[in-house]
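Everything in the sequence shown is counted per UniProt numbering, starting at 1 for the first residue and increasing by one. Think of the CB as a built atom: it goes at the ideal place given N, C-alpha and C, for glycine as much as any other residue.
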Amino acid sequence: MMEAVTLSNPKDRKSIQEVTVKTLESQEKLSILKRSLQKYKQLYIGEGDDDDEDEDERAKRINPGMRRPVTGKLDIRILQARNVPHTPLRTPGKAPDTTVIVKIDGTTKGKTRVTRNDKWNEDFEFHVEKASEIEITLYDKTSEQHQVPIGLLWIKISDIAEELRKKRIEAESGPGWVTASNAQFETGSPTATNNNGPYGDTYSVPYAVARTQQGIGTTYLPDGIEAWFEVEPAGQILLKLDFVKEIARKRPDLGRQGAVRKRKGEVHEQNGHKFIQQIFYQVMKCAYCEELFVNEGYQCDDCKLTCHKRCYTKIVTKCISKSNNEVESLQLINHRIPHRFEGITNITANWCCHCGYILPLVKKGAKRCTECNTTCHAKCTHLVPDFCGMTMKRASEMIDQIQRATSIKTNKISTDSPHLKEHPPLQNPNPPLPPSPNQTQFQYPPPQPTYPPPQGPENTYSVQPIQPQYNLQGPVSSYNQPSHVSVISSPVQQKPPSQGATYVQQSPPMQHQVRNTPTTTPPPPPPPNPNESIIQKNRRVGLDDFNFLAVLGKGNFGKVMLAEEKYTKQLYAIKVLKKEFIIENDEVESTRSEKRVFQAANRERHPFLLGLHSCFQTETRIYFVMEYVSGGDLMLHIQREQFTYRRAQFYAAEVLLALEYLHKSGIIYRDLKLDNILLTLDGHIKIADYGLCKEEMWWGSTTNTFCGTPEFMAPEILLEQRYGRAVDWWAFGVLIYEMLLGQSPFRGDDEDEIFDAILEDEILYPINMSRDSVSILQKLLTREPEKRLGSGRGDAEEIKRHPFFKGVNWDDMLAKKVPPPFYPSISSPTDTSNFDEEFTREVPVLTPVHSHLNAEAQEEFKGFSYVSDWVVGS
């Protein structure tokens with residue numbers, strides 16, 4: 001570099017001098033890091049009794065991509081240093097002049113004065129924007145022009161923010177809150193003043209600190225972190241750090257929150273791999289060229305193989321999701337030498353050769369090949385190809401040369417053969433026939449008949465007719481779920497199941513036949529009613545059948561309005577969605593799925609699931625006509641008053657029965673929260689909002705879509721791992737915690753802080769909380785999904801047997817024979833006081849839509865119209 005400057009401008013001595021100083025400084029820093037490496041290599045690390053599978057739990061839980069750059073105000077106070085190896089001076093007994101330089105992401109931001117006693121006590125304040133790392137370097141001044149680095153320290157700003165968040169939560173909780181492992185809780189259920197029934201008492205779990213309806217009344221904010229930090233290669237520095245994150249919208253302690261759904265980017269297929277562009281916030285290693293990179297890269301959605309964007313087309317190994325009988329390019333070379341992996345304790349910077357993440361330091365979750373020194377995670381060993389002694393780049397080059405030589409040879413044979421010159425290739429003597437009329441009609445068969453509810457004592461709730469009264473009335477903000485789902489990534493959705501254009505005609509039981517890898521046989525469908533399709537055709541529902549009375553909710557896709565059916569005078573909640581927005585945001589398959597989940601709920605008229613009256617469409621919109629529940633949602637009621645223990649237990653039991661029914665139908669809910677649980681006027685709950693439901697999820701089935709409401713998302717969702725129906729039981733645990741204590745177990749000022757809390761924080765409980773309550777919360781809020789209560793084949797039955805539900809008669813609960821602990825009230829059937837006034841004061845009209853959808857776009861909604869069988873029979 002110095003030579004380049006000298007050749008380009010030999011007279012510019014200042015530039016040469018600057019380059020010389022920077023070069024010497026870089027060499028000194030490298031020397032410091034080499035000394036640190038030697039020190040760590042000499043450390044003794046006991047092997048212990050744990051095996052290679054026992055990776056550090058924290059290392060497994062933390063997703064490196066979640067440590068994102070942050071924006072806010074950073075305060076640093078540099079106090080003093082000790083035990084730092086100073087540069088020896090020629091003058092004996094004289095101390096060197098020492099200074100400290102602070103850099104943010106490589107840019108110098110501050111410098112202390114020079115001192116000879118290693119004490120500064122200087123303050124710095126910086127406003128950082130999307131910053132990641134602080135670098136603190138100690139320098140000894142050896143001459144007027146040269147200073148030598150003697151100590152290095154790097155600190156992640158996100159780590160400072162996380163530590164401050166934990167201190168704030170600890171201060172807010174007060175002395176009356178402890179972790180489950182640090183206290184003895186009361187035995188059994190809380191003492192009751194009235195023991196006439198399992199839901200008759202008025203006990204409420206007390207708070208250890210004063211609270212308001214919105215959360216904790218007084219908040220103590222810590223003034224920073226003061227600690228000694230280790231400096232490389234030796235010594236310590238005393239710092240006081242504080243960081244105030246800049247937050248666009250602070251999340252309340254307990255309030256309505258919209259769900260999020262991460263859209264997958266465009267899928268690029270290569271040898272069975274499904275590569276999707278990702279943003280990485282740490283240094284990654286390309287599985288092909290083995291170079292390091294940051295920011296943009298490609299990662300397989302199935303096996304997590306990671307590479308450069310430019311390298312994905314050269315990946316020669318097949319994905320584990322690809323069947324073995326498919327031909328792969330790897331068969332062209334005969335190199336099949338497996339690696340000889342052995343467990344190691346990683347003490348240097350090594351990366352996994354498959355997923356590209358850096359291996360955890362001083363941990364045992366790593367493997368190294370004894371022959372070629374390839375390293376990887378223990379969990380990635382079965383994904384590493386048998387390329388011992390050969391890199392993937394070299395294998396790709398060999399395959400490319402073989403294919404090129406084969407192509408040249410084939411072309412030469414075809415050119416030199418006179419027989420092939422004289423005789424052109426034979427044409428197909430039998431051209432394909434055009435599709436028959438029957439085949440064309442098969443693409444859009446008539447709607448499959450819906451089935452009447454089964455009769456019998458075991459389904460007494462399924463034969464209750466809809467009353468023309470207002471005690472079956474509907475949702476608050478829960479009605480407009482698709483309108484408040486936030487898309488947090490690129491707007492390309494997952495590839496939907498290949499169901500053709502007959503997606504609406506398939507009833508939910510019929511779809512069980514096309515699931516991917518079921519491990520449990522679904523129940524057989526009920527016998528069809530031959531007259532049902534005729535009745536369906538004669539009973540049509542349209543926009544002219546309703547009068548709009550009020551606006552109940554509003555979002556990006558449309559709105560939810562209270563409507564009265566003109567002929568029966570019954571009230572319904574109608575979700576109105578714009579077709580244009582559905583298509584633009586790739587919500588077509590999600591809308592189809594929501595309709596099918598409604599049909600599954602209608603199949604047996606489950607008492608605790610919101611039912612669908614009908615759905616229809618116009619040129620510009622689609623409409624879901626749903627039951628109207630006027631009692632409000634549980635979020636509204638818990639903000640008005642704290643739930644008693646028995647009331648929370650009652651609602652939890654009914655929610656459990658609703659989730660059990662969905663799981664038995666092969667559906668996971670994925671958005672359980674107080675906002676989505678509605679309260680009818682007879683005191684029972686109804687779960688609404690099926691926009692995030694996932695079908696074909698039997699025991700053992702998994703999916704990997706990143707979605708849900710942040711406070712309720714299970715750790716496996718945050719880590720973007722494959723997950724099953726156990727995510728609903730995690731959310732069920734969060735729900736019980738909120739109903740019992742009136743606050744979330746995981747708190748933070750923004751989504752990133754909440755995600756950190758879910759992955760890292762120990763949950764706090766009041767010291768006087770009952771042992772049964774703590775026990776069920778511990779078992780439901782277990783971070784390892786395979787150990788979580790309800791994750792087994794028994795599903796909800798495991799939870800029913802827990803002592804928390806001791807005394808609950810589940811048959812009576814399902815039949816709605818247990819008296820509710822609370823009855824909401826309204827002044828009239830059309831009273832909308834339980835809804836947000838921001839929406840109810842609007843005029844209930846449909847705004848004009850000026851865009852026009854072409855025939856191809858309209859085809860996406862073919863067959864959407866539907867009328868429930870209980871409406872036809874009424």
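A direct Cα-to-Cα measurement between Gly724 and Lys393 gives close to 36 Å. Between Thr99 and Val114 the beta-carbon gap is near 5 Å, inside 8 Å, which marks them as a contact. If you draw a 10 Å sphere on the C-beta of Ile279, you find fewer than 16 other C-beta atoms in it, and that means exposed. Note on Val727: 16 or more other CB atoms within 10 angstroms of its CB, so buried under the neighbour-count rule.
With fewer than 16 other Cβ atoms from the protein chains shown falling within 10 Å of its own Cβ, Pro848 counts as exposed. Linking Arg841 to Ala573 through their CA atoms gives a straight-line distance of about 16 Å.
DSSP assignment within the segment 679-727 yields the following whole beta strand (DSSP E) runs of 3 residues or more, N-terminal first: 685-687. A straight line joining the alpha-carbon of Glu565 with that of Phe548 spans about 9 Å. Ile736 sits away from Lys694, with the two beta carbons spaced by 7 Å or more.
Taking the Cα of Leu361 as reference, the smallest distance to any Cα among Cys369, Thr370, His354 and Thr375 is reached at Thr375. The three-state reading of DSSP puts Thr71 in strand, counting E and B together. Out of Ser828, Leu853 and Arg647, the CA that lies nearest to the CA of Pro819 is found in Arg647.
Close CB contacts of Val625 within its chain, under the 6 Å cut and outside five residues either way in sequence, are with Tyr572, Ile574, His613 and Ser614 (chain order). Each residue's CA atom was taken as its position, placing Thr87 and Val148 some 8 Å apart.
Under the three-state reduction of DSSP, Glu565 is assigned to strand. Annotation: the continuous beta strand (DSSP E) that includes Ile134 extends over Glu133 to Lys141.
Here the C-alpha atom of Lys569 lies approximately 24 Å from the C-alpha atom of Arg621. For Leu153, DSSP records a beta bridge to Ile136. Counted as a single uninterrupted DSSP element, the alpha helix (DSSP H) harbouring Asn602 occupies residues Val588 to Arg603. Going by C-alpha positions, Arg747 is about 40 Å away from Arg368. For Ser26, the uninterrupted alpha helix (DSSP H) run begins and ends at Arg13 to Lys41, by DSSP.
Non-local C-beta neighbours of Glu342 in its own chain, meaning closer than 7 Å and more than five positions away in sequence, comprise Lys367, Arg368 and Thr370, ordered along the chain. Given a length threshold of 4 residues, each whole run of the alpha helix (DSSP H) inside the segment 766-817 is given here in chain order: 771-780, 796-800 and 810-814. For Glu226, the enclosing beta strand (DSSP E) covers residues Ile225 to Glu230.
Across the structure, Leu43 and Ile347 are spaced so that their CA atoms are roughly 9 Å apart.
Sequence-distant Cβ neighbours of Glu753 in its own chain, meaning closer than 6 Å and more than five residues away, are Arg165. Counted as a single uninterrupted DSSP element, the beta strand (DSSP E) harbouring Lys245 occupies residues Gln236 to Lys245.
Distances from the CA of Leu552 to each of Glu604, Leu543, Asp545 and Ser630 were compared; the closest alpha carbon is that of Ser630. In the DSSP assignment, Lys111 is bridged to Ile101. Judged by DSSP in its simplified three-state form, Ala81 adopts strand. Taking 7 Å as the cut-off, the Cβ atoms of Trp154 and Glu135 count as close. Leaving aside the five residues that flank Gly792 on each side, the residues in its chain whose CB is nearer than 7 Å to its CB run, in chain order, Glu798.
If you check the CB distance, Tyr651 and Ile685 come in under 7 Å. By the Cβ test, the segment 857-874 is in contact with the segment 578-587, since at least three Cβ pairs between them sit closer than 8 Å. DSSP places Arg647 in the uninterrupted alpha helix (DSSP H) bounded by Tyr645 to Lys664. The residue among Arg310, Cys286, Val294 and Leu292 with its C-alpha nearest the C-alpha of Lys304 is Cys286.
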